[in-house]
Each structure stands twice: as structure tokens, then as C-alpha cells.
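In mature numbering (1 follows the signal peptide of the UniProt record, and there is no 0), the protein residues as written are -20 to -1, 1 to 121.
For each residue, glycine too, the CB sits at the ideal point set by N, CA and C.
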């Protein structure tokens, strides 16, 4: 009983301060993306309950305190499956096999490899094949 209340208090504190502090994208992007792709941080707080908030905290692990501002449990609940789609791009060029392994390592169910070597990991909630064009910073056509 005590543990869920403490966890909910931590989540509420993070949500309340997220607008004031903001999300440190440089520090948190990869960890938060991994947890989103595994669908561990798509939570909705329901009164005093947050069924998946503990899973999200465990997924973020050591960076929870710094990155909880990037995870807003109220805003993350999917409202329309076609409107919610999480993708992740690797900055560097990868081989096709490297792309498959990289996406597997972050828990993405699908991947898309562009001929330029750009690799996109596609979340489970995407109806199509993610973003239709490569967006890797260090790997351009």
C-alpha cells in the first residue's frame, strides 16, 4: 500500500514540475525513447492509481529523477491509435543487420532501413512504417 502511494507522489511531483524545469533531451532521449517503444511509459493517472507508472520508473532506472519530466503520464495515454506513433532514429549510419539489432536492443517490434544507412525503429502503435523519410543526423543521402 505504501509503495504505490509513494510512487504516485513521485509521478505527480514530476508532472507538476515538468513545465517549470522541462525535459533534458540530451540526457534523456535514448532512455525515454526505449521505454516508450516498449510501451512502459504510456500511462494515465486515474485518481490515485497509475497502473504502469512503476513499470516506467523501473524502465528509466537510474535516470528517473532527471528524466521523469520527459514522461508526463497524463499526456501519454493514446487517444487515437493512428495519431500516436513512436519512432527512433540512430544518428550514425548502420548496416541492415546493425539496424535490426539496434532496434531489437531498444525493444522496437519493427525497423526500417534506408539505403543511405539511416535506421528507424518503429513503435508498436504505428499503423504504417513510421516516418517515410530518413532523419538520421550523421547519415544523409
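Taking one beta carbon from each stretch, the stretch 12 to 24 and the stretch 106 to 114 have fewer than 3 pairs nearer than 8 angstroms; the two do not touch. Beyond the five residues adjoining it in sequence on each side, residue 91 comes within less than 7 angstroms, by CB distance, of 79, 80, 83, 99, 100, 101, 102 in the same chain, given in chain order. Assignment of beta-bridge partners to residue 81 by DSSP yields no partner.
Going by C-alpha positions, residue 33 is about 37 angstroms away from residue 120. Here residue 43 is not bridged, per DSSP, to any residue. By the criterion of a C-beta distance shorter than 7 angstroms, residue 36 is surrounded in its chain by 15, 20, 21, 23, 51, once the five residues flanking it on both sides are discounted. Cβ contact annotation for residue 73 (same chain, cutoff 6 angstroms, sequence separation greater than five): 97, 119, in chain order. With a contact defined as Cβ atoms closer than 8 angstroms, residue 18 and residue 3 miss out at about 19 angstroms. Around the beta carbon of residue 75, a 10 Å sphere encloses fewer than 16 other beta carbons of the protein chains shown; the residue is thus reported as exposed. A direct Cα-to-Cα measurement between residue 88 and residue 65 gives close to 12 angstroms.
The DSSP-derived three-state label of residue 36 is helix.
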